[in-house]
Structure formats: C-alpha cells, structure tokens
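The structure appears right after this line, and notes come after that.
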Amino acid sequence: DAGITQSPRYKITETGRQVTLMCHQTWSHSYMFWYRQDLGHGLRLIYYSAAADITDKGEVPDGYVVSRSKTENFPLTLESATRSQTSVYFCASSGSIGGLNTGELFFGEGSRLTVL
Amino acid sequence: GIQVEQSPPDLILQEGANSTLRCNFSDSVNNLQWFHQNPWGQLINLFYIPSGTKQNGRLSATTVATERYSLLYISSSQTTDSGVYFCAVGAGEYGNKLVFGAGTILRVKS
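Top to bottom, those sequences are chains H and V. Residue 105 in the working numbering is what sits at position 105 of the first sequence, and the numbering runs on without skipping anything. Residue 1036 in the working numbering is what sits at position 36 of the second sequence, and the numbering runs on without skipping anything.
Structure representation (structure tokens):
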C-alpha cells in the first residue's frame, strides 16, 4: 500500500544502546522529517531532509543521527540512547515541485520508544 | 523563531455543537497547516492553508495572513472529532520546517 510507514512501532531499550527507527514512504516525496512528541512540549522537529543526501538539523537534533541514501527511506539513529529520549517519534513527508515544498505534510503512525 | 499560540487549550462539546479553534502566530508565514491527532495517536492533515478559506465537509479553515491568525471551524461536532488539533506554521526559505502549536484538546460528548 502507498503511504508512509514506520518501524518498529514499539521499542524498549536500555540506556547506552544504539537504536534505529526506520521510515519508508512510497510517494517519492522530496522532503522527509523526524519529529518527537512529548507531553508538555508538543511536536518538535529533530531532523529533516530536502532530498537524498541532503539533511539538516531541526530544533532538537542532539543525540540523533540521520541519513538519506535513497529518496524513500529516512532512518533515525539514537547512537547511545538516554532516558530523556523516551518519546513518540513521528516520521513525515511532503512533496515538492521544482525544489519548492508543495506544502501538505503526511505523518507515519509513530514509533513509541522507551529507554530504561 | 516563530511563536505559535493555540486557543482554547481545552474544549468540551456536546455532540451536534459548533466550535472555533484559533491559531495565532508571531511572524509572516508561507506555510500553515491544521492537523488532527485522534485518540489512537494518528496525525491527520486537515488543511494546508497559508491564506484564504477552505472547506472539507463539516470542517472549514480560514487564515488571515496579514493579521497573523487562522481559525478552524467544526460544525455539528461528532464524537469522532475528539482528539487534539494542532496548528503548524513555517516561514521564509525554510517554510517546510513547521513549528507546531501546543494544540487544542477537544472532547465531544454524546
């Protein structure tokens, strides 16, 4: 099915471990984003990508690494997980025409990460 | 950066009632979107509306860019409208990097 999918949907890990959250979209959207959602902080942008091999920091990038070797995939890696990274992570994508973002943002279903 | 304020923070409605949610933003924007997060956590795009008015069924939205606010109207509310409504804005060269408001929690009672 077309759309944007995240995996895993639920993950429990321990402090210090590396975790990778996967995001895959089938629309060939240029832009992809990672947000985290926490009570009291709403949705905050971690990283985004305007195209394959182009990534940039958002509001809260510390402790995270991203890559985008293919247009359809945008994995998010926590290199050494901390308790403060317990959150719900949302991947999103939006299209573009001529390099300009066409606007509408579409979200995946979210990945709930617990760091013990 | 841009500040986004949503009001009211909480709203309880009886089924069938109408409501208006407001989003104020602190600077000029070239991207404004409304989202609904349902009780299961899914985020659904309702409107992409940097200016003007749009309608989709019982929902409509108006953005007055010059006065830096947007309104989301919900008419004849249903219990399935419950959830959190977010306004998100972007500006300038990085208009695609949306900043989200804190949301309005809507509860519709049957």
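Don't be surprised by glycine CBs; every beta carbon is placed ideally from N, CA and C.
Neighbourhood of residue i by C-beta, 6 angstroms cutoff - its chain only, sequence neighbours within 5 removed
{"i": "Ala-1065/V", "result": "Ser-1051"}
{"i": "Leu-116/H", "result": "Glu-14"}
{"i": "Ser-80/H", "result": "Gly-16"}
{"i": "Thr-987/V", "result": "Summary: the structure shown does not reach residue 987/V, with chain V confined to residues 1001 through 1110, and so no result is reported for it."}
{"i": "Phe-33/H", "result": "Tyr-48 and Ala-92"}
Spatial neighbours of residue i in its chain, beta-carbon cut-off 7 angstroms, leaving aside the 5 residues before and after
{"i": "Thr-1079/V", "result": "Glu-1015, Val-1108 and Ser-1110"}
{"i": "Lys-57/H", "result": "Tyr-47"}
{"i": "Asn-1045/V", "result": "Gln-1033 and Phe-1035"}
{"i": "Ala-52/H", "result": "Arg-68, Ser-69, Lys-70 and Thr-71"}
{"i": "Gln-1037/V", "result": "Leu-1043, Gly-1083, Val-1084 and Phe-1086"}
{"i": "Gly-1001/V", "result": "Val-1099"}
Cβ separation of residue i and residue j, assumed to be a contact under 8 angstroms, to the nearest whole Å
{"i": "Gln-37/H", "j": "Gly-63/H", "result": "With a Cβ gap of about 16 angstroms, Gln-37/H and Gly-63/H do not count as contacting."}
{"i": "Ser-94/H", "j": "Tyr-31/H", "result": "5 angstroms"}
{"i": "Gln-1006/V", "j": "Gly-1101/V", "result": "4 angstroms"}
{"i": "Tyr-89/H", "j": "Leu-21/H", "result": "6 angstroms"}
{"i": "Pro-989/V", "j": "Thr-1104/V", "result": "Because chain V is modelled from 1001 through 1110, residue 989/V falls outside the range shown and cannot be assessed."}
{"i": "Arg-1022/V", "j": "Leu-1059/V", "result": "With a Cβ gap of about 15 angstroms, Arg-1022/V and Leu-1059/V do not count as contacting."}
{"i": "Ser-1026/V", "j": "Gln-1003/V", "result": "4 angstroms"}
{"i": "Ser-87/H", "j": "Lys-11/H", "result": "About 11 angstroms; that fails the 8 angstroms criterion."}
8 angstroms Cβ shell around residue i - same chain, five flanking residues per side excluded
{"i": "Val-60/H", "result": "Arg-36, Arg-44, Leu-45 and Ile-46"}
{"i": "Thr-55/H", "result": "Tyr-47, Tyr-48, Ser-49, Val-66, Ser-67 and Arg-68"}
{"i": "Ser-1019/V", "result": "Leu-1011, Leu-1013, Tyr-1073, Ile-1074, Ser-1077 and Leu-1106"}
{"i": "Gln-18/H", "result": "Thr-77, Leu-78, Glu-79, Ser-80 and Ala-81"}
{"i": "Arg-83/H", "result": "Thr-15, Val-115 and Leu-116"}
{"i": "Leu-1098/V", "result": "Asn-1031, Gln-1033, Ala-1088, Val-1089 and Gly-1090"}
One or two residues paired with residue i in a DSSP bridge
{"i": "Asp-1081/V", "result": "According to DSSP, Asp-1081/V bridges with nothing at all."}
{"i": "Lys-1109/V", "result": "Gln-1014/V"}
{"i": "Gly-1090/V", "result": "Asn-1031/V"}
{"i": "Arg-36/H", "result": "Arg-44/H and Tyr-89/H"}
{"i": "Gln-18/H", "result": "Its beta-bridge partners do not exist; DSSP assigns none."}
{"i": "Ser-7/H", "result": "Met-22/H"}
{"i": "Gln-1037/V", "result": "Leu-1043/V and Val-1084/V"}
{"i": "Lys-70/H", "result": "None; Lys-70/H has no bridge partner."}
{"i": "Val-115/H", "result": "Thr-13/H"}
{"i": "Ala-51/H", "result": "Ile-54/H"}
{"i": "Leu-78/H", "result": "Val-19/H and Tyr-64/H"}
{"i": "Ser-94/H", "result": "Tyr-31/H"}
First through last residue of the beta strand (DSSP E) which encompasses residue i
{"i": "Glu-1005/V", "result": "1004–1007"}
{"i": "Leu-1098/V", "result": "Neither: Leu-1098/V is in no beta strand (DSSP E) and is coded neither H nor E."}
{"i": "Asn-1056/V", "result": "1052–1056"}
{"i": "Ile-1074/V", "result": "1069–1074"}
{"i": "Asp-56/H", "result": "54–57"}
{"i": "Thr-1062/V", "result": "1059–1064"}
{"i": "Arg-1022/V", "result": "1019–1025"}
Item to check | At least 3 beta-carbon pairs within less than 8 angstroms: the stretch 5–17 of chain H vs the stretch 68–75 of chain H | outcome: no
Item to check | Inter-stretch contact at 8 angstroms, needing at least 3 Cβ pairs: the stretch 1008–1026 of chain V / the stretch 103–115 of chain H | outcome: no
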